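K.L.:
Sharing a structure here in structure tokens format.
Number of protein chains: 2
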Amino acid sequence: MDSDYPLEQTPAVRRRNKVREAILAAAERMFASEGESGLSIRRLAEEIDYSPSAIYKYFGSKEELLEELKDSFFERLLDRVDGVSAANKDFHDRARACVTTYVATATARPHHYAAAFSSVPTPEELAVRRHLSWDDFIATPKGQAFKILVDLVEEGQALGVFDPALEPVKAAKSIWASSHGLALLMIHMPILPDVQPCPTQTDGDFVAYHADIVMRGLAVPAEPPHKNGTR
Amino acid sequence: MDSDYPLEQTPAVRRRNKVREAILAAAERMFASEGESGLSIRRLAEEIDYSPSAIYKYFGSKEELLEELKDSFFERLLDRVDGVSAANKDFHDRARACVTTYVATATARPHHYAAAFSSVPTPEELAVRRHLSWDDFIATPKGQAFKILVDLVEEGQALGVFDPALEPVKAAKSIWASSHGLALLMIHMPILPDVQPCPTQTDGDFVAYHADIVMRGLAVPAEPPHKNGTR
DNA sequence: CTATTTTAGTGAACACTGTTCACTTTTCGA
DNA sequence: TCGAAAAGTGAACAGTGTTCACTAAAATAG
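Those protein sequences? They're chains A and B, same order as listed.
So in full-length UniProt numbering, the last spot in the first sequence is 231, and the numbers never skip.
So in full-length UniProt numbering, the last spot in the second sequence is 231, and the numbers never skip.
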């Protein structure tokens, strides 16, 4: 059971990991520049001087390999947002930074981000996921990222800048949707930010602009004395 | 030049169009249920009892065929939103309906909507699109859909419910991003709407909830007498 | 009505793709 | 050192989109 390598790994597995990393690195390169369709097992194998079948000793399928690329990207995304979320700036700045950092990280690797949200689940998968508990969800990277948003909303409510009537989970979902949408719109339709007749506005500035609008949507309602019929 | 069929088409082209429609109909079926990867030229040809090469007498490539499917879906999306936008309801209801209808139509055909925004443009394509004028843009279906939003914002500003300081084009972009994001989030991550610990809320209701938040983000700022440092 | 040209449609082939599997070679532990 | 386990390979299978020389049928011209 025990070996001569109590903490270090045995040279065999170190070599193996090295090959595995080489595969992932090459795959990362190809995927980042050419996307999912540009990443072929055969070209990948050629790139690292192995036979195509060798890849299958390290990854069960192309999909499994891709899953690993996406997951590592999502962890990176989470880290980034977590970083700015932890920085002790002014609340408004921090909230805005969460959105802008999210969008910036997403658009920096468009293929990764798009691929991370590319699969349309089948009805069967949907039935499985339907039985996921809240605790299981926030254990995943996506869940953790989501938790950051929930906490942000609650903090905003505690500070009195966000409407206390909002359910934090739903508000967080709204923020995520808005950020997600802007990131994908910039990735898939980069026409829009440029076609506008106000050329003074760059893409990056619009992200902050959008983030401010999103945050404004969660602010405390405008007129307290007025009779407010809706909701 | 002139034929016996001044308004009607000649039987030859009518027959041809019939085959073309049959191809599109079969493609539509396969694509709607199995997505882009499930739509193969060969299976499609088999379905309509033609040889694979016959397809290429009607469509230059698989991509061209897909493009037509996506375009027709986008026109449908535009029609739907245009419909509710033209209905003379209360402004708030109408604005909310624009978002909810958009999201509902998108999620009703998840593969179509996801595919319509799936291509990551290459740097070359990006350079080409960068020289599109505003007029050219709003001539396209996407541009027209966008125009609806711009008009909506301007109307809201005229009614005094939206912040007059907003640039309508940018505000419209913000609305689109938020709607787009919610639609794709519901398509790709249907976990979220269900994992929330408030089971009284159904998906459809959340769309309206989100729409309200989005609209609130464009409303006139809260405190006029207060000193407002930011922006 | 015939001759010619245009069009519709096909089958075989090309160059790919992911994946499997029997097989050899190398490596490692006892 | 020997046997077992692991690493790696080549060939093959079943797909894919696409092309192209070719036939059969229809439309057109004389």
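Think of the CB as a built atom: it goes at the ideal place given N, C-alpha and C, for glycine as much as any other residue.
This one's a predicted model, so the numbers in the text were calculated from it and none came from an experiment.
Is Ala222/A helix, strand or coil by DSSP?
P.N.:
In the structure shown, Ala222/A sits in coil (DSSP, three-state: anything other than H, G, I, E or B).
K.L.:
My assumption, with CB atoms under 8 Å, is that Val120/B sits in contact with Ala114/A. Please give the rounded CB distance.
P.N.:
Contact holds; Cβ gap of about 6 Å.
K.L.:
Per DSSP, what kind of secondary structure is Phe137/B in: helix, strand or coil?
P.N.:
The answer is helix: DSSP assigns Phe137/B an H, G or I state.
K.L.:
By alpha-carbon positions, which one of Lys147/B, Gly181/B, Glu124/B ends up nearest to Asp135/B?
P.N.:
Ranking Lys147/B, Gly181/B, Glu124/B by Cα distance to Asp135/B puts Lys147/B first.
K.L.:
Out of Glu36/A, Thr100/A, Phe74/A, Arg94/A, point me to the one whose CA is closest to Tyr209/A's CA.
P.N.:
Nearest C-alpha to Tyr209/A: Thr100/A.
K.L.:
What does the alpha-carbon distance come out to for the pair Phe91/A and Met215/A?
P.N.:
Answer to the nearest angstrom: the Cα atoms are 11 Å apart.
K.L.:
Starting from the N-terminal side, write out each stretch of the alpha helix (DSSP H) that is 4 residues or longer and does not extend beyond the UniProt domain "HTH tetR-type" (17-77) of chain B.
P.N.:
Listed in chain order, they are 41-47, 52-55.
K.L.:
Using a Cβ cut-off of 7 Å, pull out every chain B residue sitting near Ala177/A, in sequence order please.
P.N.:
Within chain B, the residues near Ala177/A are Ser178, Gly181, Leu182, Leu185, His210.
K.L.:
Are residue 257/B and Thr122/B close, meaning C-beta to C-beta below 8 Å?
P.N.:
Nothing in the structure corresponds to residue 257/B, since chain B is present only between 1 and 231.
K.L.:
Output yes if chain A places a C-beta closer than 8 Å to the C-beta of Ala106/B; else output no.
P.N.:
By this cut-off, Ala106/B is not an interface position.
K.L.:
Between Leu149/B and Thr105/A, what straight-line distance do the alpha-carbon atoms span, to the nearest angstrom?
P.N.:
Cα to Cα, the separation comes out at about 28 Å.
K.L.:
Roughly how many whole angstroms lie between the Cα atoms of Ala127/A and Pro190/B?
P.N.:
About 10 Å.
K.L.:
Say whether chain B places a C-beta atom closer than 8 Å to the C-beta of Ala97/A.
P.N.:
So no, Ala97/A is outside the interface.
K.L.:
Grab me the residues of residue 232/B's own chain with a C-beta within less than 8 Å of its C-beta, minus the 5 sequence neighbours each way, in chain order.
P.N.:
There is simply no residue 232/B to check, as chain B begins at 1 and stops at 231 in what is shown.
K.L.:
Any beta carbon from chain B within less than 8 Å of Leu218/A's own beta carbon?
P.N.:
Leu218/A counts as touching chain B.
K.L.:
Using a C-beta to C-beta distance shorter than 7 Å, which residues of chain B count as neighbours of Leu126/A?
P.N.:
Those within 7 Å of Leu126/A in chain B are Pro190.
K.L.:
How many Å lie between Ala25/B and Lys18/B at the Cα?
P.N.:
Approximately 10 Å, taken between the alpha carbons.
K.L.:
Looking at the unbroken alpha helix (DSSP H) that takes in Gly160/A, where does it start and where does it end?
P.N.:
Premise fails: Gly160/A is in no alpha helix (DSSP H) and is neither H nor E.
K.L.:
Taking the Cβ atom as the reference point for each residue, do Ser179/B and Gly181/A lie within a distance shorter than 8 Å?
P.N.:
Yes.
K.L.:
Take Arg20/A as the anchor and find which of Gly38/A, Leu65/A, Glu34/A has the nearest alpha-carbon.
P.N.:
Looking at the Cα atoms, Leu65/A is the closest of the given residues.
K.L.:
Spatial neighbours of Ala22/B within its chain, please: CB distance less than 8 Å, with the 5 preceding and 5 following residues excluded, ordered by chain position.
P.N.:
Counting only Cβ-Cβ distances below 8 Å, and skipping sequence neighbours, we find Ile48.
K.L.:
Which one of Ile175/B, Pro141/B, Phe206/B has the shortest CA to CA distance from Arg80/B?
P.N.:
When each option's Cα is compared against that of Arg80/B, the closest is Pro141/B.
K.L.:
Does any residue of chain B have a CB that is nearer than 8 Å to the CB of Pro141/A?
P.N.:
Output row for Pro141/A: interface = no.
K.L.:
Taking the straight line between their C-alpha atoms, what separation do you get for Lys89/A and Gly38/B?
P.N.:
Their Cα atoms are separated by approximately 49 Å.
K.L.:
Kindly list, in the order they appear in chain B, the residues whose Cβ is closer than 9 Å to that of Pro11/A.
P.N.:
None at all; the shortest Cβ gap to chain B is about 41 Å.
K.L.:
Against Arg76/A, what residues of chain B qualify as contacts under a CB-to-CB distance less than 9 Å, listed in chain order?
P.N.:
Within chain B, no residue comes near Arg76/A; the closest Cβ sits about 18 Å away, beyond 9 Å.
K.L.:
Round the Cβ separation of Glu28/B and Leu78/B to the nearest angstrom and send it over; I've been treating them as touching at under 8 Å.
P.N.:
Contact doesn't hold; Cβ gap of about 18 Å is too wide.
K.L.:
Quick one: Cα of Ala116/A to Cα of Val220/B, how far?
P.N.:
Each residue's alpha carbon lies about 36 Å from the other.
K.L.:
Return the CA-CA distance between Leu132/B and Glu125/B, expressed in angstroms with no decimal places.
P.N.:
For Leu132/B and Glu125/B, the distance between alpha carbons rounds to 11 Å.
K.L.:
On the criterion of 16 or more Cβ atoms from any shown chain inside 10 Å, does Gly35/A qualify as buried, or is it exposed?
P.N.:
Gly35/A comes out buried.
K.L.:
Alpha carbon to alpha carbon, how far is residue 310/B from Gly143/A?
P.N.:
What is shown of chain B runs 1 to 231, which leaves residue 310/B out entirely.
K.L.:
Please state whether DSSP places Val120/A in a helix, a strand or coil.
P.N.:
Coil at Val120/A, not helix or strand.
K.L.:
Could you check where the alpha helix (DSSP H) with Arg130/A kicks off and where it finishes?
P.N.:
Unbroken run through Arg130/A: none, as it is neither H nor E.
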